[in-house]
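Asks: Let me begin by handing over the structure; questions about it come next.
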Amino acid sequence: MAKENNIEPELHVLIVDDERDDLAILDDSFRALSEGRWHIDAADSVGEALQIAKKGKIQLVVLAVNTPVLDVSLLFSSFGQPPSQFKKVVMASPATDEMRAASLAAGADLFIEKPLSPEGLKAAFASMSELVGWVLPQHFQSGSHGVGMADLIQMECLARNSSVLELFHEHSLGRIYIEEGQLIHAVCGEISGERAFQKLFTLTGTYELHNFELPPERTLNRTWEFLLGEAVRYRDSLNARHQASKILASGHGAVAGEPAGKAAEMLICSGIGEVLYRWQCPDAAGRLVLLQEIARRAEKIIPEIQLGKLDRLEIQLSAGRAVLQPRADRLIFVRVEDNLVKP
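Under numbering that gives the first Met the number 0, the first residue of the sequence shown carries the number 0, and numbering increases by one thereafter.
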């Protein structure tokens, strides 16, 4: 239990990530989300992590795996205390099924994709809090005010609860059935199964947890981690495509009533570079490198000249323009060809 005025932290956490920028994001975010009650030690190397672990008892180890050759089992067993005495979380980038299986086999209690977007960080924090039995701050307790649907599903599954999550807006939009921590059925209107589960993530409304009841059928057979990851990616892809459409619709110099041009190429990636949507893009890797470099330079230059945040960069081409929007949670590249004016 925390002491009065939160003088002492409630949880001792060690975060290990050799990507220093990502490590700083994880450190700052989890400190803020825990309202200063997580005592966090951050290490950007295995050697530094082992030195930190020797100084005191660690209750939670968060290991970011950026390479498939890291021996997770060996690392967990090197912290100076039996692995059973602390909870172990592996964050991978990218999060492959092979890495998931290897991490869980090595003793990880939780495997997730490394989060860097605000929503992803909050969901990861809620999942890890549930894992260690740490009481979430008050603002996390209300389902539709602080904890998103993905957060709530993760917490229910991690706790191996049985419940029914209902989404509604004026009337019921759909239901998700959770039995002993596994997703077993989803329904949205007249569709069910994985399509319904993904569809529910794209809808707006409020949601409530109800006592478990047996569904009329079982339509979900994959792990909850896989289903949740696919649903979030599907939702993010739709949101990114909508954002790209807004970029196309806001072209400069367009004649009233006429489109500014037609899309010739489009690439949409997550903040960590995972391709969400690709259309007629012959060099996705090159476009991604360009977006990441612009984001890096903007992060350094924009604050120095006090211009606010970079919304997007437009590059005039010989027969159109390229629009680039590098954000923390989304990287968008759109190339537009000018309309040909016929004589």
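We treat Cβ as the ideally placed atom computed from N, Cα and C, and that holds for glycine.
1) Between which residues of its own chain and Gly228 is the CB-CB distance below 8 Å, once the five residues before and five after are set aside?
2) Looking at C-beta atoms only, is the number of pairs between the stretch 194-208 and the stretch 170-184 that lie closer than 8 Å three or more?
3) Just to confirm my understanding: we take His11, look at its own chain, exclude 5 residues before and 5 after, and list those with CB closer than 6 Å. What are they?
4) Apart from the five residues just before and just after Glu212, which ones in its own chain have a Cβ nearer than 7 Å to its Cβ?
5) Roughly how many angstroms lie between the CA atoms of Leu275 and Leu109, to the nearest whole one?
6) Between which two residues does the alpha helix (DSSP H) containing Glu155 stretch?
7) Where does the unbroken beta strand (DSSP E) through Gly46 begin, and where does it stop?
8) What does a CB cutoff of less than 7 Å around Asp150 pick up in its chain, not counting 5 residues either side in sequence?
9) What span of residues does the beta strand (DSSP E) with Leu32 cover, start to end?
10) Please list, in chain order, all residues of the same chain as His168 whose beta carbon is under 8 Å from its beta carbon, the five residues on each side excluded.
11) For the candidate residues Leu323, Val60 and Gly319, whose alpha-carbon lies nearest to that of Glu336?
12) Quick check: what's the CA-CA separation for Trp344 versus Cys156?
13) Under a three-way DSSP split, which group does Val15 fall into?
14) In the DSSP assignment, what residue or residues form a beta bridge with Lys87?
15) From Ser317, Asp43 and Glu273, pick the residue whose C-alpha is nearest to that of Val64; which is it?
16) Let me confirm a value: Leu316 is counted as buried when at least 16 other C-beta atoms fall within 10 Å, else exposed. Which label applies?
17) With H, G and I counted as helix, E and B as strand and the rest as coil, what does DSSP make of Ile271?
18) Put Trp133 into one of helix, strand or coil per three-state DSSP.
19) State the beta-bridge partners of Met265 as determined by DSSP.
20) Using a 10 Å radius around the Cβ and a threshold of 16 neighbouring Cβ atoms, would you call Glu129 buried or exposed?
Replies: Reading off the structure:
1) Ala94 and Glu112
2) yes
3) His38, Ile57 and Gln58
4) Val163
5) 24 Å
6) Met148 to Leu157
7) Looking at the DSSP string, Gly46 is not in any beta strand (DSSP E); the run it does join, the alpha helix (DSSP H), is Val45 to Lys54.
8) Lys121, Ala122 and Ala125
9) No beta strand (DSSP E) holds Leu32; the alpha helix (DSSP H) holding it covers Arg19 to Leu32.
10) Leu202, Thr203, Gly204 and Thr205
11) Gly319
12) Because the chain here runs from 0 to 342, residue 344 falls outside it and cannot be looked at.
13) strand
14) Val60
15) Asp43
16) exposed
17) coil
18) coil
19) Trp278 and Val333
20) buried
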